[in-house]
């Protein structure tokens, strides 16, 4: 298969997902019967996408495993093995996701190996890979991302007027060196006092964010840890970058997410799922993030990217107007193209049958497809290994 191939992704129905966003993007009836949280586009073994084969749908993971050099390109296959190194998603959050962070590459490899060697070890890791990630907003999007100035965080907690939070604010007044102690104290707060503590914080009226998070999580100290992070409000086209060790949580909105193909998540709160505070503290980077919003870079007329320091992925946006000539698709190797606006056709540059991309539909281009173009009126996002 060397053509541009229509790609069918998988929708994951997590409880925090939207009943309208993905359906409306794809032109399906809304609201849906259950929340739709993520549209996965890739070859991750948890939910690989499919392409059409002679005898029915073919798993993209199987397609790549059967021809890694042709599908990935020899260089990508040599660097990452017979696996697509990135996973592209459309994420639609109706309510907050968990406070979480991801390990770096060395730690993930060592921790996964140690876990697999010990059947009694906590099952924190699903694979041996890191999971740096970036999100570009499609709608107004709110997130918590990276530690803000600890002095500002201390002021926010002091505003509650709760004397027993003083050990936390004292740690924060020490600046970045006190962040670990502050986070540890909050996440290990005595269980029998958590509900009362959060109720007092909400009753003070000092933080609309704490009040909003306490509604679904009235006993979760993550409600207060959230105040140590930047509260980011993105407009469509703005991006946030979450490297290893960055504590973050998505709150509301829809965006295109790109990440290394891993599902390693260490959670600290705002979730009914398993929380391992000690392991989360092992992977967190206790440093202040000056500006969590990642600026775009224009590569050519109609082609934008967001530069990040990883090898597994790059993300591009292509904007085609009524007078825009066909655009050459950027990057090489295995590419996934997602339609987000309008009606765009993607084809090989020479003798290719075009694939129509409307919002919420996708196509896959194996490395051996070679040069390709996009024509029409609309918007595409393209994922590929980093150049």
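Residue numbers (full-length UniProt numbering): 1 to 387. Glycine is no exception: its CB is placed at the ideal position from the N, C-alpha and C atoms.
Asked: Proximity of residue 86 and residue 261 at Cβ, strictly below 7 angstroms; Found: yes
Asked: Entirely enclosed beta strand (DSSP E) segments - the segment 344-370, minimum 3 residues; Found: 355-357 and 362-365
Asked: Every unbroken beta strand (DSSP E) inside the segment 30-66 [3 residues or more]; Found: 38-42, 50-53 and 56-59
Asked: For residue 166, the three-state DSSP class (helix, strand or coil); Found: helix
Asked: For residue 265, the nearest candidate out of 125, 10, 166 and 198 (CA to CA); Found: 125
Asked: Unbroken beta strand (DSSP E) run spanning residue 375, endpoints; Found: 372-384
Asked: The segment 323-335 touching the segment 297-305, judged by at least three CB pairs closer than 8 angstroms; Found: yes
Asked: Reference residue 241; option with closest CA among 173, 112 and 137; Found: 137
Asked: Inter-residue Cα distance where the pair is residue 1 and residue 153; Found: For residue 1, the predicted structure reports a pLDDT of 44, less than 50, and the residue's modelled location is therefore unreliable. A value from the coordinates is still provided. Going by the C-alpha atoms only, they are around 54 angstroms apart.
Asked: Short Cβ contact (7 angstroms threshold) for residue 37 with residue 30; Found: no
Asked: Sequence ranges, beta strand (DSSP E) only - wholly within the segment 93-168, length at least 3; Found: 99-101, 133-137 and 141-147
Asked: Separation of residue 259 from residue 112, as counted between CA atoms; Found: 19 angstroms
Asked: Contact under 7 angstroms by Cβ, residue 376 with residue 341; Found: no
Asked: Inside the segment 237-311 only - alpha helix (DSSP H) runs reaching at least 4 residues; Found: 277-283
Asked: Contact under 7 angstroms by Cβ, residue 75 with residue 39; Found: no
Asked: Chain-order list of residues whose beta-carbon lies under 7 angstroms from that of residue 225 (same chain, five-residue window excluded); Found: 99, 183, 186, 187, 268 and 269
Asked: Distance between residue 338 and residue 348 (C-alpha atoms, nearest Å); Found: 16 angstroms
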